[in-house]
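What follows is one structure encoded as structure tokens, with my remarks underneath.
Number of protein chains: 2
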Amino acid sequence: MDEVKIIEIKKSVFADNEKDAEALRQELKDKRVYLLNLMSSPGSGKTTTLIRTINLLKDRLRIAVMEADIDSDVDAVKIKEATGIQSIQLHTGGMCHLDAEMTRQGLDNLDMTGTDLVILENVGNLVCPAEFDTGAVRNAMILSVPEGDDKPLKYPLMFSVCDLVLVNKIDVLPYFDFDLEKCRAHVLQRNPAAQVIPICAKTGEGVEAFADWLVAQVQAWQEQ
Amino acid sequence: MDEVKIIEIKKSVFADNEKDAEALRQELKDKRVYLLNLMSSPGSGKTTTLIRTINLLKDRLRIAVMEADIDSDVDAVKIKEATGIQSIQLHTGGMCHLDAEMTRQGLDNLDMTGTDLVILENVGNLVCPAEFDTGAVRNAMILSVPEGDDKPLKYPLMFSVCDLVLVNKIDVLPYFDFDLEKCRAHVLQRNPAAQVIPICAKTGEGVEAFADWLVAQVQAWQEQ
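Structure below.
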């Protein structure tokens, strides 16, 4: 099994996270690095989605991944083994989210030379991560079909701060009461500008659309 | 649609939550009321499981439910419509968990005369709710098959504090990579005393075992 670097994240000392996040975004801009903050519930398929997407994109973009988790390094190892790209594990030591300073601690442990895109897989949680700007250029989230189409009603902030919602596990739509159009309407109620892309990370269906979104985002960021 | 009482929970002022939780447990003991704290990820099927279980039990136990959520009252209304029992909604106002004082604010709004069992459906989150003793007699959690059998590795505290793990949505086992025996081993690694009961809230499979567990728990508590 591949070994990955494990970073034990320390609690932030900065009082003003918003200001810190803005500063981090500017630093990333200067380095021409696009940071995506990817959030979801536990078990919605973040890691599988990333593996599919990275394997589609790795000849077009230079990508690195930071996997945040309370414990274990299973995700970072999986990403490294399945894609070969630079992947590190951030241990939050029980903390339920990452803020900008904690994200910076991760970035400091990445070799960003020539990197176009860093994806931060945030802690699996629909509440707390939505409250903290990580300094990412954009927030995206994955909602999986088994979780139900009512989640935007119950976790309003999460869906308000995300510009992209990937609806994953569409292969099991026949087995669950999940209405894709109702889900889309609930998402747009929280954020009228949000994009919704249905995917199945297991089979690869729809993942090309997410990959294209990422390429367009990175290009726009680097050209600004 | 039935109307339910919605309680806007205020932030706790008590510094020592552990002490407060012990005091609440003693008060519940004096009133012969058993409080169960039920936790899970968003969308694991807490509400559906409760409806099934309450309908099995309502002739044997007098039950009330408190549904905690960031926003919306869909769960409390669902419970009331489907079971007819006393059901109230607790709004946490963005807070990701409940502690003992917040739980007490909910209990103060319940009519507990003659009640045997109060079930608190905590905020959907595998991180923060595990950190706060609510004053409940026992903690239970639901892990659903689509979330994956590795969750006890990633959310160690949640699985350490729960005495019962319901593995829900076993009807979709054929469509997911989920090994029930591996899951059980992971749970026991975190808490060797935990019980694991596989269920399907949608079809009712296994729910009888959960109902029996509840009856035994309540009887033991009331006889102590």
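The listed protein sequences derive, respectively, from chains H and D.
First residue of the first sequence? That's 1 in my numbering, and the numbers climb one at a time after it.
First residue of the second sequence? That's 1001 in my numbering, and the numbers climb one at a time after it.
All C-beta atoms, glycine included, are put in the ideal place defined by N, C-alpha and C.
If you're wondering where the values come from, they're calculated on a predicted model, not measured in any experiment.
Through-space distance from residue j to residue i, alpha-carbon basis
{"i": "Ala-1130(D)", "j": "Pro-192(H)", "result": "34 Å"}
{"i": "Glu-1008(D)", "j": "Ala-220(H)", "result": "43 Å"}
{"i": "Tyr-1034(D)", "j": "Val-1218(D)", "result": "6 Å"}
{"i": "Glu-67(H)", "j": "Gln-105(H)", "result": "13 Å"}
{"i": "Ala-1216(D)", "j": "Gly-1093(D)", "result": "35 Å"}
{"i": "Ala-1140(D)", "j": "Lys-58(H)", "result": "43 Å"}
{"i": "Ile-1006(D)", "j": "Arg-62(H)", "result": "50 Å"}
{"i": "Asp-1179(D)", "j": "Tyr-155(H)", "result": "30 Å"}
{"i": "Ser-1160(D)", "j": "Gly-1148(D)", "result": "18 Å"}
{"i": "Val-196(H)", "j": "Glu-208(H)", "result": "14 Å"}
{"i": "Arg-1032(D)", "j": "Thr-1115(D)", "result": "8 Å"}
{"i": "Leu-173(H)", "j": "His-97(H)", "result": "30 Å"}
{"i": "Leu-1038(D)", "j": "Leu-1126(D)", "result": "11 Å"}
{"i": "Asn-55(H)", "j": "Arg-1190(D)", "result": "34 Å"}
{"i": "Pro-146(H)", "j": "Phe-176(H)", "result": "6 Å"}
For residue i, the three-state DSSP class (helix, strand or coil)
{"i": "Asn-125(H)", "result": "coil"}
{"i": "Ser-87(H)", "result": "strand"}
{"i": "Tyr-34(H)", "result": "strand"}
{"i": "Val-4(H)", "result": "coil"}
{"i": "Arg-138(H)", "result": "strand"}
{"i": "Thr-1049(D)", "result": "helix"}
{"i": "Asp-20(H)", "result": "helix"}
{"i": "Ala-216(H)", "result": "helix"}
{"i": "Lys-1010(D)", "result": "coil"}
{"i": "Arg-1111(D)", "result": "A small correction: the amino acid at residue 1111(D) is Asp; Arg does not occupy that position in the sequence shown. Coil, per DSSP."}
{"i": "Leu-28(H)", "result": "helix"}
{"i": "Asn-55(H)", "result": "helix"}
Amino acids of chain D, ordered along the chain, whose beta-carbon sits closer than 8 Å to that of residue i
{"i": "Val-65(H)", "result": "Here the premise fails: no neighbours, minimum Cβ distance about 16 Å."}
{"i": "Asp-69(H)", "result": "Lys-1154"}
Test: residue i CB closer than 8 Å to a CB of chain D
{"i": "Asn-125(H)", "result": "yes"}
{"i": "Ser-160(H)", "result": "no"}
{"i": "Gly-206(H)", "result": "no"}
Contact set between residue i and chain H, taken where Cβ atoms lie within less than 9 Å
{"i": "Gly-1106(D)", "result": "Here the premise fails: no neighbours, minimum Cβ distance about 17 Å."}
Amino acids of chain D, ordered along the chain, whose beta-carbon sits closer than 7 Å to that of residue i
{"i": "Pro-146(H)", "result": "Gly-1043, Ser-1144, Pro-1146, Lys-1169"}
{"i": "Ser-72(H)", "result": "Leu-1153, Lys-1154"}
Cutoff 8 Å: residue i Cβ touching any chain H Cβ
{"i": "Cys-1200(D)", "result": "no"}
{"i": "Cys-1128(D)", "result": "yes"}
{"i": "Cys-1183(D)", "result": "no"}
{"i": "Leu-1120(D)", "result": "no"}
{"i": "Leu-1157(D)", "result": "yes"}
Interface residues of chain D facing residue i [CB-CB closer than 9 Å]
{"i": "Asp-150(H)", "result": "Gly-1043, Ser-1072, Val-1074"}
Cross-chain neighbours of residue i in chain H, by beta carbon under 7 Å
{"i": "Val-1172(D)", "result": "Val-172, Tyr-175"}
Identity of the residues DSSP links to residue i by a beta bridge
{"i": "Ser-40(H)", "result": "Ile-142(H)"}
{"i": "Pro-1198(D)", "result": "Val-1167(D)"}
{"i": "Leu-1120(D)", "result": "Asn-1037(D), Met-1066(D)"}
Proximal residues of chain H, C-beta to C-beta of residue i below 8 Å
{"i": "Leu-1098(D)", "result": "Going along chain H, no residue has its Cβ under 8 Å from Leu-1098(D), so there is no contact; the nearest lies around 12 Å."}
{"i": "Leu-1188(D)", "result": "Within chain H, no residue comes near Leu-1188(D); the closest Cβ sits about 17 Å away, beyond 8 Å."}
7 Å Cβ cut-off: residues of chain C touching residue i
{"i": "Gly-93(H)", "result": "Judged by its chain identifiers, the structure shown contains no chain C, and its protein chains are H and D."}
Heavy atom of the ligand MG within 7 Å of residue i beta-carbon
{"i": "Ile-1197(D)", "result": "The ligand MG is not among the ligands present in this structure, which contains no ligands whatsoever."}
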